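So the structure is just underneath, and the comments pick up after that.
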Amino acid sequence: MASDGANQLAVNGGPKVRTAPWPARRLFGEEEKQATVALFDKYTSAGGVFGYNGEEEEAYCREFAEFLGGGYADAVNSGTSAVYVALRSLELEPFTEVICPPVTDPGGVMPVPMLNCIPIPADTAPNSLNMGPEQIEARITDRTSAIIVAHISGLAADMDPIMEVARSRGIPVVEDCAQSHGAKYKGRYVGTIGDVGAFSTMSGKHHATGAQGGVVYTKSEEMYWRARRASDRGKPYGIEGGGTNVTCSLNLNLNDMAAAVGSVQLRKLPRIIEGCRRAAHAVAERCRPLKAVEIELGLPETEGAFWFLVCKLDVDKVSVDIDTFVAALQAEGVPFGAHYTTPFTEHAWYKNRSVFGTSGYPWTCPLYEGDPDEAYPLPNRAEADRRLFIVKVHENVTDREADDIHEALRKVEGAYLK
Ligand SMILES: Cc1ncc(COP(=O)(O)O)c(C=O)c1O
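Per numbering that gives the first Met the number 0, the sequence shown starts with residue 0, numbered consecutively.
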């Protein structure tokens with residue numbers, strides 16, 4: 000016999016906490032439309048076409064770098080390309096190892112084997128979706144050539160000790176900021192702490208250049224020029240005297256139309272970040288009295304950007320597993336989710352080594368001096384899968400949604416508390 004509380008759950012046929020749809024983001028509006036129309040008017044009235052690396056893209060890159068406090072930005076066509084170009088700007092030797100996050104989008108890892116480097120997963124910090132310094136250190140070998148740190152969900156990873164580990168070994172750090180535009184760590188924007196930052200600007204993110212896009216950011220002029228060359232077929236940008244194409248790469252440019260949209264979006268970004276923070280704190284405040292669930296607001300001295308909210312379930316206090324708990328939450332009409340991303344080590348491309356035909360490269364190349372079959376256990380990541388779940392928030396989530404998130408959690412927790 001189910002308890003009264005369990006009978007009331009929507010998953011068991013009880014009334015739902017929420018029947019209204021979740022609010023829409025409405026990221027693009029009249030201003031983005033006008034910026035695009037203005038671009039058409041400017042170029043087509045003169046009989047020309049707009050392209051890339053023009054006034055609009057130059058302005059956007061300047062504004063993006065200014066937003067982060069100065070430095071250099073190269074706009075590219077996706078966040079995946081941004082990670083690729085950021086790695087190219089480090090001039091990694093092939094068949095070296097790059098430490099990668101175990102919780103990330105495939106686009107945050109796939110550039111590594113595309114560069115003939117070996118992706119090595121580090122574990123997450125305990126009860127976190129981000130890698131921690133000890134977990135990174137445990138994976139460093141004399142073959143490690145770079146570390147990619149992702150700030151998942153808009154919560155900053157613990158950058159000071161991570162940079163200490165990296166600097167003490169002379170290993171460069173790429174910050175993957177696809178989910179964390181505007182997040183801060185001890186007063187500094189994420190993306191400005193490592194050697195180079197990679198941002199996604201696709202339309203699901205806090206900041207977008209239209210449908211797809213990305214930005215590579217660095218404080219180093221030299222790395223900036225390397226990034227520019229890597230994102231545009233090795234054109235001799237930044238090289239005195241110019242000459243022919245100096246390196247082999249792809250055409251990963253953004254374009255002036257996307258950049259014009261991006262400039263409008265940059266002006267909206269502070270308000271968007273503020274809205275996400277307000278929503279996160281409104282939910283966390285309401286959830287404080289809960290007994291088995293806690294909302295993660297990030298490490299001390301950080302300011303999250305909250306691309307989604309991470310919720311921690313104390314599995315010892317409830318009588319069901321996370322799948323049952325989250326299924327009950329979803330049935331209440333609120334966008335909760337369990338198991339955020341499958342670790343890349345479980346993807347077919349990684350398991351089958353399917354990157355370059357049937358060669359098994361880069362793992363099987365004789366020039367790789369590590370063990371291509373080495374297993375990399377991720378116990379914290381596995382534990383996070385049992386304990387962490389997410390709920391989608393954004394800048395248009397109001398107190399009403401915060402109330403509904405809390406009410407769904409209260410109701411489900413109440414039904415399943417031991
Ligand atoms: C952490 C992370 N890295 C990289 C990417 C890839 O970005 P894009 O989809 O713009 O290629 C994403 C996309 O969601 C991401 O979340």
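Backbone N, C-alpha and C fix where the C-beta goes; we use that ideal spot for every residue, glycine too. Since we're looking at a predicted model, the values are computed, not measured.
Requested in this report: Report whether the distance from the Cβ of VAL82 to the nearest heavy atom of ligand 1 is below 8 Å.
Outcome: yes
Query - 8 Å CB neighbourhood of THR143 in its chain, flanking five on each side removed - result: THR95, GLU96, VAL97, ILE98, ILE119, ARG168 and ILE170
Query raised in the report: Using DSSP with H/G/I as helix, E/B as strand and the rest coil, what is ASN379?
Result: helix
Report task. Select from ALA326, CYS247, VAL309 and ILE404 the residue whose C-alpha is nearest the C-alpha of ALA383. Result -> VAL309
Query raised in the report: Which whole-angstrom value is the C-beta distance of ASN254 and GLY50, which I expect to be below 8 Å?
Result: 7 Å
**Report entry** Nearest residue (CA-CA) to PRO334, options ALA401, THR341 and GLU220
**Finding:** ALA401
Query raised in the report: Whole-angstrom Cβ separation of GLY153 and GLU174, contact assumed at under 8 Å?
Result: Contact flag wrong, Cβ pair sits at about 13 Å.
**Report entry** Close-in-space but distant-in-sequence residues of the same chain around GLY13 (CB under 7 Å, 5 per side omitted)
**Finding:** ASN6 and GLN7
Report task. Could you tell me whether the stretch 51-61 touches the stretch 255-268, where touching means 3 or more Cβ pairs closer than 8 Å? Result -> yes
Report task. Decide yes or no for the touch test of the stretch 292-309 against the stretch 365-380: beta carbon pairs closer than 8 Å, at least 3 of them. Result -> no
Query raised in the report: Contact between the stretch 111-130 and the stretch 80-93: three or more CB pairs below 8 Å?
Result: yes
Requested in this report: In angstroms with no decimal places, state the Cα-to-Cα distance between ILE272 and LYS350.
Outcome: 37 Å
**Report entry** 9 Å Cβ cutoff met for GLY212 and THR200
**Finding:** yes
Report task. Please indicate yes or no: does the CB of ILE151 lie closer than 8 Å to some heavy atom of ligand 1? Result -> yes
Query raised in the report: In whole angstroms, what separates the C-alpha of PRO342 from that of SER318?
Result: 27 Å
Report task. Measure the Cβ-Cβ separation of VAL215 and GLY203 and say whether it is below 9 Å. Result -> no
**Report entry** Reference THR79, options PRO105, PHE307, ASP322 and GLU31, closest by Cα
**Finding:** PRO105
Query raised in the report: The beta strand (DSSP E) spanning VAL411 covers which residue range?
Result: Per DSSP, VAL411 belongs to no beta strand (DSSP E); it is in the alpha helix (DSSP H), 398-415.
Report task. Look up PHE355 in the DSSP assignment and say whether it is helix, strand or coil. Result -> coil
Report task. Examine ligand 1 and report whether any of its heavy atoms sits within less than 8 Å of the Cβ of THR103. Result -> yes
Query raised in the report: Quick one: does the C-beta of GLN178 sit closer than 8 Å to a heavy atom of ligand 1?
Result: yes
Report task. Determine the closest residue to VAL245 out of LEU251, THR35, GLY237 and GLY233, with distance taken between C-alpha atoms. Result -> GLY233
Query raised in the report: Roughly how many angstroms separate the alpha carbons of GLU368 and LEU328, rounded to a whole number?
Result: 48 Å
Requested in this report: Look at VAL164 and ALA207 and say whether their C-beta atoms are less than 9 Å apart.
Outcome: no
Report task. Note the first and the last residue of the continuous beta strand (DSSP E) segment covering TYR216. Result -> 213-217
Query raised in the report: Secondary structure at PRO269, three-state DSSP: helix, strand or coil?
Result: helix
Query raised in the report: When burial is assigned at 16 or more other CB atoms within 10 Å of the CB, is ASN252 buried or exposed?
Result: buried
Query raised in the report: Heavy atom of ligand 3 less than 8 Å from the Cβ of ALA197, yes or no?
Result: The model on display carries ligand 1 but not ligand 3.
Requested in this report: Could you tell me the boundaries of the beta strand (DSSP E) in which ILE147 lies?
Outcome: 143-149
Query - Reduced DSSP category for MET0 - H, G, I as helix; E, B as strand; rest coil - result: Here MET0 scores only 48 on pLDDT, less than 50, and its place in the model should not be relied on; the value that follows carries that caveat. Here MET0 sits in coil by DSSP.
Requested in this report: Kindly indicate the opening and closing residues of the beta strand (DSSP E) around ALA85.
Outcome: From DSSP, ALA85 is part of no beta strand (DSSP E) but of the alpha helix (DSSP H) over 78-87.
Query raised in the report: What does DSSP give as the partner residues of TYR71 in its beta bridges?
Result: THR217
Query raised in the report: Closer than 8 Å: is that where the CB of GLN211 sits relative to any heavy atom of ligand 1?
Result: yes
Query raised in the report: So is the beta-carbon of SER77 under 8 Å away from any non-hydrogen atom of ligand 1?
Result: yes
Query raised in the report: Would you report the Cα separation of ARG17 and VAL325, rounded to the nearest angstrom?
Result: 15 Å
Query raised in the report: Taking C-beta to C-beta, are THR103 and ALA137 nearer than 9 Å?
Result: no
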